[in-house]
Every structure is written in C-alpha cells, then in structure tokens.
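The next block holds one structure in the form of structure tokens; read it before the comments.
Chains as they are written, first to last, in our numbering: chain A, 1 to 406; chain B, 1001 to 1148.
This is the structure we're talking about:
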C-alpha cells in the first residue's frame, strides 16, 4: 500500500527542471496539478493517430475518436461510481459545471424566495453563479458559517436549512483551508427538507476515492486539470432524472435530435448538454489521468498524503511566527499560513527564488480571507509526487524569509 | 540569495516595517489604490498649497514592496511642486521597469533602491500602486485605482 515516490516523480517531466539554479519544489497542485507522462502521451498519440470529430463521421477515424471519447466517459462514471454513463457530462471545468446547474436547473426549478445554501468557505466559482441567479431570479442565498478552526458550523448549517431550501451547494474539500466538509451530514439535512445537493469536488478527487451514490448527492463537479489531466476539461455528474428534467443550457450541434426552423428536438442526456465540438482530446487525457491515479490506488495516495500533512503541520507548527489558517481535524492536502510581519506575496517571491512554488493571495476565496481577518495567505498544497523532502525545502525556504525580514 | 537582497534592500525593509508619514490627513485630497492580485490596499492623502505638496501621508495594508514604496514616496514628494512629483513618478516607473534609465541629475535619490523590482515583473505593480494613487489624488479622482 506504499507509494513508489521515485517512480511517480520520474513520471512528471516538469519536476525534473531547475528554477533559478535550484531544484523545483512544486507545492501548488491545488491551483493546478503538473502532468504525468501517460497523460501527455495519451494526448499526443490521440492527436497523432486517432483524431477526428466525434459523433458524426462514418469513417474509421471518427468512429475511433468517438469510441475513445465515450470510453473516457465510462472511466469517469466508474471513477465516481455513478449509475450510468449518461450521468457524466463533459464540461470545461468545475466552474462551467456549476454555472450549467445554476443556469439550467436553477432557472427552471427555482422561484423567487427559494433558498440556496452555500458554505462560507466556498471558492468564488460556487458563490458567483448563485449570486447571478439571485440577481436575476430573486432567489435567496444563505451562507453556512464556519468555526475558528475552519470547520463547517453544523448546528448553524442545520438551522439555515429549512422548508424554503431548494439546494445546498458546498465544496467537498475547501480550497483555501483544506477542510474536508461533512458531505454526508449535509446531505442528510438537505434530504429532510427535500433539497438537492451540489458538491464541488475539485480539491477532493485527486486525493480520495469519491462515490457519488454512496454520498447520495444530486450534482458533483470537478476539473480535470487538478487531477493531473489537461486544462479545459471537467465533469458535471448529475442524476439521470435531473438531466432529463433540465432544459438545455447552450444550443448548437451535437445536442439536437432534429432541427427545423419551426421546431427543434433535443438529444437525450448527456448530449443535450454538450453543444458544439467538445474538448475531445481533453476527455481522452482526463481518462488517462484517471487510469494513472487508479493504478497508484487511493489507499496508497490517502496514506501517503496523510503522512505528508501530519509531517508538514508538525514542522510548520514549530515555526513561532507562523500561523496555520484552517486547523480542522479533517483536512486534505492544503496548508494555508501567514507569517507575522511578512506579507504572503513577499513569502511567495522569496520562496520562488529558492525554487519553491506556492500560491500567495486570496485563492479565489475572499470571504474566507475576511472570515480569518487576513488580506491573503501563503498556501502550500500537495500532490502525489510530493514527499517529506518537499516539506523540508519549504521549511528551509521559510527560514530564509524570516532571515530577510528579521 | 544575493539577488533577493537586490529586491529586499535594507532601506525597503526598514520602510516597510517602520513606514513614514503613515497616517491620514484631515481635509486633504485622497485617493484609494487596490491591487486585486495581491490584495494590497493603499489610501494616499495629499495637501497641495499654491502648487506645492505641503503634506502627504498614506494608510493601508500590503506587501513590503508596496508599503516601502508608499513610505519612500511620501518622503520624496513632500515639499515638491505637484508637477515635479508627476515627473518623479515617470522616472520612478522607468526605474522599476527598464534597465536603461537615465537619471543624470540623481533626482530619484533613495527611490533608486526599487531598481531591483524590474527583475520581478509580477511585483512591479506593488511598487507603482502608491504612485498611481498619488497621481489620482492630485487629479482629484478619489475612485479606487486598480492595477488590473
């Protein structure tokens, strides 16, 4: 069940580079993950030998491309343990997935005064689409608060979810804090009042096995690029009955059964939601990324990353002027921190010159920054290729920061 | 390490930790600056009497570069004519972005320490934000200046 770190690292060409003459320490997988060679190879060989448009041609290449595209859909279905392939919609990323639900399901089924509950630790992508719907449709947006540790305040959440609640939309793992949210508990609260549940799984799918049927969620979205896959491809999982009931979002080719100027009949899901030529190669690359992480196995990934989080939390915790933002007992792969007297952007610049890539800023979660009364944080996040030596490099880098600002 | 010291020079660290003229000024023209990338926020207060900057101060929160830049800016422009301050900004902007800047008169004085910023393109806006904000205040444009 252990993970062969040396072999995994050898799979990531980007990690073999030096930055400013120093070995690259990449600690920003939460923003976007580096790509392993099997994903790069899959993209290349698909474009070289199997590429054509999908769902159209009678010729061999088009059939082959269609097959590869649909195989990836089946891989995603199995990856999420969805009931059927038709529940997997290819989108550009999690952001597009959430916007699709807001614009299609939200516009069709939410009335003025209906309530959508989100948590106070959401990424902007799970805030702004609901605000847009609020301004357009007069729905009410309610914010479930978080505790000082960065946990969801469950009691307060329970009191917010009531008869007017139609949707609860939360992250599976909070991107700025690393908190793993108690999805099951939230689903149970939502079910009591008949509300639907959307989960943003961006920061979860690279780090833990996800079973959408076991979680009993209605919608689940994630981005391929955080799962070691290409940019521009992501997934919306939705229960089949929802996809059948939801109106199309974008119109165009591939999403229709027949078109006349008088009347258009739409295709069945998922095609109904995939207007236009999709990111075919992206889907193929995402399939390769899923194969890659599944070959390593989530038992090994979870054990390895848990060790890394424990080690990093302990080592960073020994630095006196360092404050970890987000101290939940259930965290995954993300450590946000501040240093007394040093702005996160200065931390980021100094670490950069040491070859260490971290994120500094608000992490597209400005309400989280406000909640913890910081303008920004520095954030180290882990991927499967990180090891304790990366944490040691980070600690040495922070020591340099403190020397300069002494 | 040595190149980091080019950016984080003692003068910059000193001014970021102990910013000068770090206060509001009653009855002064003011403008606000915001760098959405960093979250840096600065408010510049300026009092012009007979075309001369009689008093200038700032408030806000930001990285060492933006804070030191604001602090050194207030020292540099106090007592100067408004048009001299604008001219100084042009020179300053050049020193932050180009390596062929000519300053034969030595007008930049201490501001020369920001020449290291040009090696860090994403940080140039941190250094120039207070100056953009000062110019907005001189132009009576109190709306928030954004670097993006």
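The beta-carbon is built from N, C-alpha and C at its ideal position, and this holds for glycine as well.
Counterpart residues of residue i in DSSP-defined beta bridges
{"i": "residue 173/A", "result": "180/A"}
{"i": "residue 221/A", "result": "200/A and 236/A"}
{"i": "residue 1041/B", "result": "1034/B and 1061/B"}
{"i": "residue 89/A", "result": "236/A"}
{"i": "residue 1046/B", "result": "1029/B and 1056/B"}
{"i": "residue 141/A", "result": "116/A"}
{"i": "residue 25/A", "result": "356/A"}
{"i": "residue 18/A", "result": "23/A"}
Below-7 Å beta-carbon distance, residue i vs any chain B residue
{"i": "residue 379/A", "result": "no"}
{"i": "residue 404/A", "result": "yes"}
{"i": "residue 225/A", "result": "no"}
{"i": "residue 376/A", "result": "yes"}
{"i": "residue 343/A", "result": "yes"}
{"i": "residue 371/A", "result": "no"}
{"i": "residue 346/A", "result": "yes"}
{"i": "residue 180/A", "result": "no"}
{"i": "residue 132/A", "result": "no"}
{"i": "residue 124/A", "result": "no"}
{"i": "residue 127/A", "result": "no"}
{"i": "residue 362/A", "result": "yes"}
{"i": "residue 324/A", "result": "no"}
{"i": "residue 353/A", "result": "yes"}
Endpoints, the alpha helix (DSSP H) within which residue i is located
{"i": "residue 411/A", "result": "The question about residue 411/A has no answer, for chain A in this structure spans 1 to 406."}
{"i": "residue 341/A", "result": "Unbroken run through residue 341/A: none, as it is neither H nor E."}
{"i": "residue 403/A", "result": "388-404"}
{"i": "residue 1111/B", "result": "Counting along the chain, residue 1111/B falls outside any alpha helix (DSSP H), and DSSP gives it neither H nor E."}
{"i": "residue 1012/B", "result": "1010-1017"}
{"i": "residue 302/A", "result": "298-317"}
{"i": "residue 152/A", "result": "First-last for residue 152/A: undefined, no H or E at that position."}
{"i": "residue 37/A", "result": "37-45"}
{"i": "residue 1095/B", "result": "1082-1097"}
{"i": "residue 228/A", "result": "Premise fails: residue 228/A is in no alpha helix (DSSP H) and is neither H nor E."}
Nearest neighbour of residue i, chosen from the options [CA to CA]
{"i": "residue 1132/B", "options": "1051/B, 1031/B and 1049/B", "result": "1031/B"}
{"i": "residue 368/A", "options": "354/A, 21/A, 387/A and 336/A", "result": "336/A"}
{"i": "residue 192/A", "options": "268/A, 166/A and 316/A", "result": "166/A"}
{"i": "residue 1022/B", "options": "1079/B, 1066/B and 1034/B", "result": "1066/B"}
{"i": "residue 320/A", "options": "341/A, 69/A and 247/A", "result": "341/A"}
{"i": "residue 133/A", "options": "143/A, 111/A, 146/A and 148/A", "result": "111/A"}
{"i": "residue 33/A", "options": "406/A, 395/A, 393/A and 382/A", "result": "382/A"}
{"i": "residue 281/A", "options": "71/A, 174/A, 2/A and 154/A", "result": "71/A"}
{"i": "residue 1140/B", "options": "1129/B, 1050/B and 1044/B", "result": "1044/B"}
{"i": "residue 247/A", "options": "265/A, 380/A and 213/A", "result": "265/A"}
{"i": "residue 1015/B", "options": "1120/B, 1074/B, 1119/B and 1086/B", "result": "1074/B"}
{"i": "residue 1130/B", "options": "1081/B, 1004/B, 1052/B and 1085/B", "result": "1085/B"}
{"i": "residue 53/A", "options": "361/A, 283/A and 328/A", "result": "283/A"}
{"i": "residue 103/A", "options": "221/A, 92/A, 129/A and 271/A", "result": "129/A"}
{"i": "residue 88/A", "options": "114/A, 243/A, 59/A and 347/A", "result": "243/A"}
Contact check, residue i vs residue j, beta carbons under 7 Å
{"i": "residue 207/A", "j": "residue 333/A", "result": "yes"}
{"i": "residue 374/A", "j": "residue 338/A", "result": "yes"}
{"i": "residue 1077/B", "j": "residue 1096/B", "result": "no"}
{"i": "residue 1070/B", "j": "residue 1058/B", "result": "yes"}
{"i": "residue 215/A", "j": "residue 183/A", "result": "yes"}
{"i": "residue 12/A", "j": "residue 385/A", "result": "yes"}
{"i": "residue 146/A", "j": "residue 135/A", "result": "no"}
{"i": "residue 204/A", "j": "residue 365/A", "result": "no"}
{"i": "residue 40/A", "j": "residue 236/A", "result": "no"}
{"i": "residue 267/A", "j": "residue 28/A", "result": "no"}
{"i": "residue 199/A", "j": "residue 97/A", "result": "no"}
{"i": "residue 160/A", "j": "residue 174/A", "result": "no"}
Neighbour flag for residue i against chain A, beta carbons, 7 Å
{"i": "residue 1129/B", "result": "no"}
{"i": "residue 1143/B", "result": "no"}
{"i": "residue 1039/B", "result": "yes"}
{"i": "residue 1064/B", "result": "yes"}
{"i": "residue 1004/B", "result": "yes"}
{"i": "residue 1061/B", "result": "yes"}
First through last residue of the beta strand (DSSP E) which encompasses residue i
{"i": "residue 96/A", "result": "Unbroken run through residue 96/A is the alpha helix (DSSP H), 94-100; no beta strand (DSSP E)."}
{"i": "residue 324/A", "result": "322-325"}
{"i": "residue 332/A", "result": "It is not in any beta strand (DSSP E) - residue 332/A carries neither H nor E in the DSSP assignment."}
{"i": "residue 359/A", "result": "359-361"}
{"i": "residue 377/A", "result": "377-381"}
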